[in-house]
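Numbering (my numbering), first residue to last: 3 to 377.
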């Protein structure tokens, strides 16, 4: 922790003396959707939705809303209040997150014995941003011949690993081949390529954290400590007693972190650089164009990649800052596409670092009932 002398130390020491307080800082309520997904709700759409809401998505915004139509039909919408207008000005990343949701829904429904027809953007593709039109329409039909995806077994242990990776364990060529075999993705564990992507990834994060609008967007979405996370289990979770203590004594405040030159932000960048330098490989998802349907498919591919990594005991974390479309990121956007030889109209939609690590906690989630539209 970043503790100073004086009254801050007294305050921290006083709170820290209570072991009971330390041991109750886990936002247990926000993790309940991970435990409840398999309980069953008596409707195949709800049963599949309970798994779909566990999907990875940008800034953990969980932008999905659903309307239950006639029996065994459902429309998926984007909650327009949960978009990221500064880091994701064209809603590309949000659409990818909705694609992750779509794939988990289909996997779960298949596991329940239902075939799923997915009609992407049934009322047209919204441009340049998403609007109130549906993202997808799902129709379920019971089928005795449906095949289940073995990757579905990894849903409860799937994670986003925002930690250091083990630099003593390399990603072998055969492991990389297996990792990439289940989705339309590419990757490399070649040290020369990895080092170059590490550099671009760190530069990109630095741009995001030193551009006032994008920094503010992230800071405003921070949920610091158990109380905030359980009250609003989306956004960027700052879990754990150390985070709460720093916030309580005024050493980690939103007002301070909105300043790109704040000491905490400078030190955070240093920590991120260390983490990025432990990346043992990178994987990426590319599409032929940048259409909404391909963005949605990129999300479906990414979540399968994430599940396959889980099956191989490999940690994975998106580092897609270089793919963002705000003006200050133009150089890094061009650099990563040039390095990976992806030329227009082809487009890299997702970039993630990989490596071996221990399992981390799941991300907080809103409960199932919160995503269902009643009108």
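C-beta atoms are modelled at their ideal positions from N, C-alpha and C, and glycine is treated no differently.
For residue i, collect the residues of the same chain with a Cβ closer than 6 angstroms to its Cβ; drop the 5 residues on either side in sequence, then sort them by chain order.
i: residue 338; result: 202 and 324
i: residue 231; result: 29, 32, 225, 239 and 366
i: residue 159; result: 312
i: residue 272; result: none
i: residue 119; result: 141
i: residue 39; result: 52 and 53
i: residue 139; result: 77, 121 and 124
Could you tell me the alpha carbon to alpha carbon distance between residue i and residue j, rounded to whole angstroms?
i: residue 150; j: residue 109; result: 7 angstroms
i: residue 30; j: residue 371; result: 18 angstroms
i: residue 156; j: residue 313; result: 6 angstroms
i: residue 8; j: residue 318; result: Note that residue 8 has pLDDT 39, beneath the 50 cutoff, so the model's placement of it is unreliable and no number is given.
i: residue 261; j: residue 351; result: 29 angstroms
i: residue 274; j: residue 208; result: 9 angstroms
i: residue 424; j: residue 137; result: Coverage of the chain is limited to positions 3 through 377, which leaves residue 424 absent and any answer about it impossible.
i: residue 284; j: residue 197; result: 10 angstroms
i: residue 178; j: residue 376; result: 44 angstroms
i: residue 359; j: residue 168; result: 6 angstroms
i: residue 47; j: residue 142; result: 8 angstroms
i: residue 82; j: residue 180; result: 37 angstroms
i: residue 116; j: residue 254; result: 48 angstroms
i: residue 258; j: residue 343; result: 40 angstroms
i: residue 131; j: residue 80; result: 11 angstroms
i: residue 71; j: residue 286; result: 35 angstroms
i: residue 153; j: residue 251; result: 44 angstroms
i: residue 27; j: residue 77; result: 37 angstroms
i: residue 11; j: residue 247; result: The predicted model places residue 11 with a pLDDT of 39, which falls under 50 and marks its position as unreliable; any figure quoted below should be read in that light. Using only the alpha carbons, I get a separation of about 10 angstroms.
i: residue 189; j: residue 328; result: 25 angstroms
i: residue 334; j: residue 256; result: 27 angstroms
i: residue 363; j: residue 356; result: 17 angstroms
i: residue 41; j: residue 276; result: 41 angstroms
i: residue 282; j: residue 171; result: 8 angstroms
i: residue 186; j: residue 249; result: 42 angstroms
i: residue 368; j: residue 278; result: 30 angstroms
i: residue 37; j: residue 53; result: 10 angstroms
i: residue 291; j: residue 199; result: 22 angstroms
i: residue 341; j: residue 103; result: 30 angstroms
i: residue 310; j: residue 161; result: 11 angstroms
i: residue 241; j: residue 34; result: 15 angstroms
i: residue 267; j: residue 84; result: 24 angstroms
i: residue 236; j: residue 133; result: 21 angstroms
i: residue 315; j: residue 322; result: 22 angstroms
i: residue 58; j: residue 163; result: 11 angstroms
In three-state DSSP terms, what is residue i?
i: residue 242; result: coil
i: residue 117; result: strand
i: residue 258; result: helix
i: residue 108; result: helix
i: residue 294; result: helix
i: residue 161; result: coil
i: residue 97; result: helix
i: residue 319; result: strand
i: residue 167; result: coil
i: residue 154; result: helix
i: residue 373; result: helix
i: residue 220; result: helix
Can you tell me where the beta strand (DSSP E) with residue i in it begins and where it stops?
i: residue 354; result: 349-358
i: residue 66; result: 66-70
i: residue 138; result: 138-144
i: residue 37; result: That residue, residue 37, is in no beta strand (DSSP E); its alpha helix (DSSP H) goes 34-38.
i: residue 229; result: Segment 227-233 is the alpha helix (DSSP H) holding residue 229; no beta strand (DSSP E) there.
i: residue 190; result: 187-190
i: residue 283; result: 283-289
Return the first residue and the last residue of the alpha helix (DSSP H) that residue i is part of.
i: residue 378; result: Past the edges of the chain, shown from 3 to 377, lies residue 378, and the structure says nothing about it.
i: residue 77; result: Not the alpha helix (DSSP H): residue 77 falls in the beta strand (DSSP E), residues 75-80.
i: residue 205; result: 193-212
i: residue 46; result: 46-54
i: residue 274; result: 265-278
i: residue 335; result: 332-341
Kindly list the residues whose CB is nearer than 7 angstroms to the CB of residue i, restricted to its own chain and excluding five residues on each side of it in sequence; keep chain order.
i: residue 50; result: 107, 110, 111 and 114
i: residue 60; result: 86, 90, 95, 96 and 99
i: residue 263; result: none
i: residue 144; result: 115 and 116
i: residue 280; result: 166, 167, 169 and 357
i: residue 147; result: none
Spatial neighbours of residue i within its chain, please: C-beta separation below 8 angstroms, excluding the five flanking residues on both sides.
i: residue 373; result: 51, 55, 64, 66, 67 and 68
i: residue 127; result: 293, 294 and 295
i: residue 174; result: 191
Determine, using beta carbons only, whether residue i comes closer than 8 angstroms to chain D.
i: residue 373; result: Absent from the structure: chain D. Only one protein chain is present.
- Message: Quick test of the definition: if touching needs 3 or more C-beta pairs under 8 angstroms, does the region 96-107 touch the region 300-307?
- Response: yes
- Message: Between the region 208-219 and the region 83-92, can you find at least three pairs of beta-carbon atoms closer than 8 angstroms?
- Response: yes
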